[in-house]
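Residues 0 to 119 in numbering that gives the first Met the number 0 are what the sequence shown spells out, letter by letter. Worksheet for the structure shown next.
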Amino acid sequence: MQPDTERQPEKLCIIWSSRDPEVARNLVFMYGGNALPKGWWKEVTLVVWGPSQQMLAFDAATRKELSLLQERGVHIIACRACAERYNLTAVLEEMGLEVDYVGAFFTSVLKSPEWSSVTF
């Protein structure tokens, strides 16, 4: 397969919405945790959106996996609107996560040639 000579996106936005622990372990954390160290992407942002917040807030193993992503340089944002609906804002902030409204950010990702996105 020949490499594409056109400019490719160098930033990845991972949308994590599933509360399924297998999706978290085998997709979000596996790919997200390797994307920067292996040089696949220059910048990775993980958006914790929807039901995934509930799993993250109440599952210690999931929190540990997330901290490994942070250590590897992944920028993590939790959706404030979802956190407010689930009454998890304080919990997520205590975990050291940036909790912010993500609609405008994600729209800019979708419209930008600098970004690619994947949803789990």
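Glycine included, each C-beta is placed from N, C-alpha and C at the ideal position. Every value quoted in this text rests on a predicted model; they were computed, and no experiment measured them.
DSSP links D58 through a beta bridge to no other residue. Cβ-Cβ distances below 6 angstroms link V46 to I14, I76 and V101 in the same chain, with the five nearest sequence neighbours on each side left out; the list follows chain order. A distance below 8 angstroms separates the beta carbons of P8 and W114.
Straight-line measurement puts the Cα of E5 at about 32 angstroms from the Cα of V22.
The Cβ neighbour count for G72, taken over all protein chains shown within 10 Å, is under 16; the residue is labelled exposed.
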